Amino acid sequence: MSKCFFKGRIETRLNHVISGYNVNRDVKAGTEEAPVSVVVKSEARKAEIEALVAEHGLVANVVVDETKEENTIELDTVLNKPKTTRFEKTPNRNDPCSCGSGKKYKKCCA
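Per my numbering, residue 10 is the first one in the sequence shown, and the count goes up by one each step.
Printed below as a string of structure tokens:
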């Protein structure tokens, strides 16, 4: 019997496969298929947001509503994506040490 053999109801398995957190989204926020929604209080702020959206090449639905609180969380999230942190590789054991002593890494700082 193979590892992939499933014992049970097929429709239940399909439901479990479909559900879950999708980290590989096909539709990105800020495109025509999934525009970013922003609520602002004034027309001046709307013009400012539209200029910012056009500068970054995004698509947004900007709504002016004086009764509601300003909501730009989605736009801030799209604009301020965290960058990947890259660390410098540690030297191999037999490479010269990076501290400048002239010794091998394994004899100096390892």
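All residues carry an ideal CB built from backbone N, CA and C; glycine is no exception. Computed from a predicted structure; not experimentally measured.
For residue i, the nearest candidate out of the options (CA to CA)
i	options	result
Ile82	Val49, Lys98, Cys117, Thr94	Val49
Glu79	Glu64, Lys115, Lys116, Ser51	Ser51
Gly66	Thr76, Lys37, Glu97	Lys37
Glu64	Thr76, Asp104, Gly39, Arg95	Gly39
Own chain residues within Cβ distance below 8 Å of residue i, not counting five before or after
i	result
Ala119	Arg102
Asp104	Lys113, Tyr114
Glu75	Lys50, Ser51
Residue i and residue j closer than 7 Å at C-beta
i	j	result
Val71	Lys55	yes
Ala53	Val62	no
Tyr114	Cys108	no
Whole-angstrom distance between residue j and residue i, CA atom to CA atom
i	j	result
Gly111	Thr99	16 Å
Glu73	Ile58	According to the sequence shown, residue 73 is Val rather than Glu. Distance between the alpha carbons of Val73 and Ile58 is about 11 Å.
Ala43	Ala60	19 Å
Glu41	Val87	14 Å
Arg95	Asp35	26 Å
Asn89	Cys117	41 Å
Contacts around residue i, its chain only, beta-carbon distance under 6 Å, and the 5 residues preceding and following it disregarded
i	result
Leu84	Val45, Val47
Same chain, Cβ closer than 7 Å to residue i, five either side skipped, listed in chain order
i	result
Lys77	Val48
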